[in-house]
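Enquirer: Under the working numbering, the first residue of the sequence shown is numbered 3, with each subsequent residue one higher. For glycine and all other residues, C-beta sits at the position ideal for the given N, C-alpha and C. Small disclaimer: the values here were computed from a predicted structure and weren't measured.
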Amino acid sequence: MENSCLLTLLGKFRKGDMSVFPVIFSEFEGLIKHYSRKSEAEDTAEELSVFLLELLYKLDASRFAGISGDGLSRYIAVSLRNKYIAYSSQNDKFKKSILCIPNECTYIEDSSKLTFLKDALKYLTPKQKAVIQLKYIYNYSDVEIGLRLNITRQSVNQLKIRAIERLREYLL
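Shown next as structure tokens:
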């Protein structure tokens with residue numbers, strides 16, 4: 003998209019005209035979907051979409067005023083790529099962490115219940131599993147879980163909701 007067109011849309015967006023966001027988003031939707039498919043994390047598209055929204059608010063648009071071409075569009079695309087790389091790196095570190103259910107749990111006396119719990123947790127992604135364990139086994143708050151996993155409180159809540167939905171499906 004040409005700088006002048008994107009700057010016009012950005013100006014309207016910053017003034018509160020939310021009807022232009024879908025137009026701006028559609029410009030980068032293909033890129034977000036591409037990174038989402040490349041990533042093993044299920045919430046990559048959401049993370050990149052939120053990043054795009056934040057970037058549109060904090061971007062210094064005056065740097066691109068009066069310049070022809072698609073420099074602003076390329077700048078946003080590179081920013082999305084950098085965010086994807088950082089997010090993927092963070093996700094890889096998370097995978098290497100030792101957030102798994104203990105082999106022996108003194109708080110669950112019945113071994114059949116422990117086996118059932120382990121089987122149920124296999125249906126969750128590693129992040130969902132970690133959130134459920136930290137929340138319901140170790141009694142961490144959403145904020146504490148977010149700090150520990152280096153994600154936002156909102157992401158913790160979304161992961162928790164998705165995990166509970168998957169567990170419900172498994173139980174039914």
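Does the distance from the CB of Y172 to the CB of Y125 come in under 8 Å?
Expert: Cβ atoms of Y172 and Y125: closer than 8 Å.
Enquirer: Pairing CB atoms from the segment 130-149 with CB atoms from the segment 85-93, are three or more of them under 8 Å?
Expert: No, the segment 130-149 is not in contact with the segment 85-93.
Enquirer: Excluding the 5 residues preceding and the 5 following I122 in the sequence, name in chain order all residues of the same chain whose CB lies nearer than 8 Å to its CB.
Expert: A small correction: the amino acid at residue 122 is Ala; Ile does not occupy that position in the sequence shown. Taken in chain order, the residues that qualify are L169, Y172 and L173.
Enquirer: State yes or no: is the C-beta of L82 within less than 8 Å of the C-beta of L54?
Expert: Cβ atoms of L82 and L54: closer than 8 Å.
Enquirer: Between V22 and L9, which are expected to be in contact by the criterion C-beta below 8 Å, what is the C-beta distance as a whole number of angstroms?
Expert: So it is not a contact: roughly 12 Å between Cβ atoms.
Enquirer: So G13 is in the alpha helix (DSSP H); what residue range does that whole segment cover?
Expert: Element bounds for G13: N5 to R16.
Enquirer: Along the chain, where does the alpha helix (DSSP H) containing Q156 start, and where does it finish?
Expert: Counting along the chain, the alpha helix (DSSP H) containing Q156 begins and ends at R155 to L173.
Enquirer: Would you call A67 buried or exposed, if buried means 16 or more other Cβ atoms sit within 10 Å of its Cβ?
Expert: Exposed: under 16 other Cβ atoms inside 10 Å.
Enquirer: Which same chain residues end up closer than 6 Å to R211 when comparing Cβ atoms and leaving out the 5 residues on each side of it in sequence?
Expert: Residue coverage of the chain in this structure runs from 3 to 174, which leaves residue 211 outside it and unanswerable.
Enquirer: Please give the ranges of any alpha helix (DSSP H) in the segment 126-153, keeping only runs that are unbroken, at least 4 residues long and fully inside the region.
Expert: Those alpha helix (DSSP H) runs which fall completely within the segment 126-153 and span 4+ residues are 128-134 and 144-151.
Enquirer: Go ahead and label L50 buried or exposed: buried means 16 or more other beta carbons lie within 10 angstroms of its beta carbon, across all protein chains shown.
Expert: Counting Cβ neighbours within 10 Å, L50 comes out buried, since at least 16 surround it.
Enquirer: Leaving aside the five residues before and after V158 along the sequence, list all residues of the same chain whose C-beta is less than 7 Å from its C-beta, in chain order.
Expert: Closer than 7 Å at the Cβ level, and outside the excluded window around V158, lie V133, D144, I147 and G148.
Enquirer: Quick test of your reading: M3 and D72, contact by CB under 8 Å. State the CB separation rounded to the nearest angstrom.
Expert: Indeed they touch by this definition, with Cβ atoms about 6 Å apart.
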